[in-house]
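One structure is given here, and the rest of the page talks about it.
In this note's numbering, the protein residues as written are 1003 to 1421.
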């Protein structure tokens, strides 16, 4: 498929998925792209960020509307939840399960987070629009969210942020979380049940999803290198944008936070023998060596140690027995016993997701691995050219699970670089 054909199809797909209306609680109109019509019709945090990234090259005004709607429920302390149930009617039970407090159901936005790709999304929209006035208006609000993460989710004030649910990492059923859930090679029913119990525990016993309190209860606490890599990369984007506005003090403070998280990842999560990063689970930080996507993801950080980046790429990313499958990059290494490349009942246990490929390719180029990035981008474009799906098989490139999927259109932002 020609590049222009993919752009047209992506634009058509995103426009078909647009939902608009008036919300009586917030007393304003909303405009956002649904991830998948008929399957995921509410606004998800990181889906919206990738919709904005794709739209930045297709329709920058719609990209701005996407981010503007996403930021409406932002709380005074900077927090932005992982879902918003826009409109007059919504699934009350689902809204309750994601709320900080049951009494807040009318707000219909969740008390959990998702991978913080908000700064990366704003950066792409600003880069494509070139509008510094827009950046001046939006950047303080986006930074407040990262300051909330820095203040409320850091573990032991060492720069690493923790999560209280697999849903917060966005990689819902990843085997990296099995042990912390008390599971071993579970089926879909067991996973859903355990996550359902955990969500209600966090609602009813979590004091408003208070991380410090939930860490003391120690029901589910994870330090995920994927989540922390995205967080550090977000501070990098924030620094770049402040620099463009000549806000030098804010550049320095953003750089310091990026540096702290990067150093903490390398101090606490790097395993020299394995040549990769590992997960830490529970309040006691028990090492977990599951070879899932988080094990290689800190390579995306621009200031990452070059020797570690080289080691991870050589030993793991380009290893055909692990992450270098015919259609890279799988969410779990092919060598993992839990690797399920064609599974659609339990997700994030093997299939490829194009939003992660976008982040990985971007990071690889920073470290001079242009050829590797180009191969990932070319395969991503090939998969998206077939159809826009939630996941793809790492063996055949076959589209899987959610159809007409919004974030798969992020492949259009890879065009040009993959040529």
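Glycine residues also receive a C-beta, built at the ideal position from the N, C-alpha and C atoms.
Item	Value
Residue burial classification, residue 1401 (beta-carbon count within 10 angstroms, cutoff 16)	buried
Reduced DSSP category for residue 1272 - H, G, I as helix; E, B as strand; rest coil	strand
Residue of 1319, 1339, 1337 and 1338 minimising C-alpha distance to residue 1330	1319
Within 7 Å, strictly: CB atoms of residue 1039 and residue 1174	no
Beta-carbon separation (whole angstroms), residue 1164 vs residue 1213, contact threshold 8 Å	7 Å
Helix, strand or coil at residue 1045 according to DSSP, with G and I counted as helix	strand
Assumed close pair residue 1332, residue 1339 - CB separation to whole angstroms, cut-off 8 Å	No, residue 1332 and residue 1339 are not in contact; Cβ-Cβ is about 14 Å, not under 8 Å.
Sequence-distant residues of its chain with Cβ nearer than 6 Å to residue 964 (five each side left out)	Any answer about residue 964 is impossible in this case: the structure gives the chain only from 1003 up to 1421.
Beta-carbon spacing of residue 1365, residue 1302 below 7 Å	yes
6 Å Cβ shell around residue 1385 - same chain, five flanking residues per side excluded	1394 and 1399
Buried/exposed call for residue 1180, threshold 16 Cβ in 10 Å	buried
Every unbroken alpha helix (DSSP H) inside the region 1173-1230 [4 residues or more]	1190-1207 and 1213-1219
Residue 1341 - DSSP class collapsed to helix/strand/coil	coil
Sufficient close CB pairs (3 or more, under 8 Å) joining the region 1006-1023 to the region 1058-1065	yes
Complete alpha helix (DSSP H) runs within the region 1309-1378 (minimum length 4 residues, chain order)	1356-1368
Counted within 10 angstroms of its Cβ, other Cβ atoms place residue 1218 as buried (16 or more) or exposed	exposed
Residue 1127: first and last residue of the uninterrupted alpha helix (DSSP H) it sits in	1120-1131
Rounded distance between the beta-carbons of residue 1123 and residue 1054, thought under 8 Å	4 Å
Residue 1236, DSSP secondary structure in three states	helix
Same chain only: Cβ atoms within 8 Å of residue 980, ignoring 5 sequence neighbours per side	Here the chain comprises residues numbered 1003 to 1421, so residue 980 is not present and cannot be evaluated.
Neighbourhood of residue 1412 by C-beta distance below 7 Å, restricted to the same chain and skipping five residues each side	1052, 1055, 1056, 1356, 1357 and 1360
Nearest-angstrom Cβ-Cβ length linking residue 1008 and residue 1414, presumed shorter than 8 Å	6 Å
Start and end residues, beta strand (DSSP E) containing residue 1288	1288-1290
Sufficient close CB pairs (3 or more, under 8 Å) joining the region 1183-1203 to the region 1242-1254	no
Selected residue, minimal CA-CA separation from residue 1109, among 1335, 1088 and 1216	1088
Reduced DSSP secondary structure (H/G/I, E/B, other) of residue 1023	strand
Range of the contiguous beta strand (DSSP E) that encloses residue 1136	Premise fails: residue 1136 lies in the alpha helix (DSSP H), 1134-1154, not in any beta strand (DSSP E).
The region 1235-1245 contacting the region 1253-1266, beta-carbon criterion three pairs below 8 Å	yes
Beta-carbon proximity check, residue 1284 vs residue 1121, cutoff 7 Å	no
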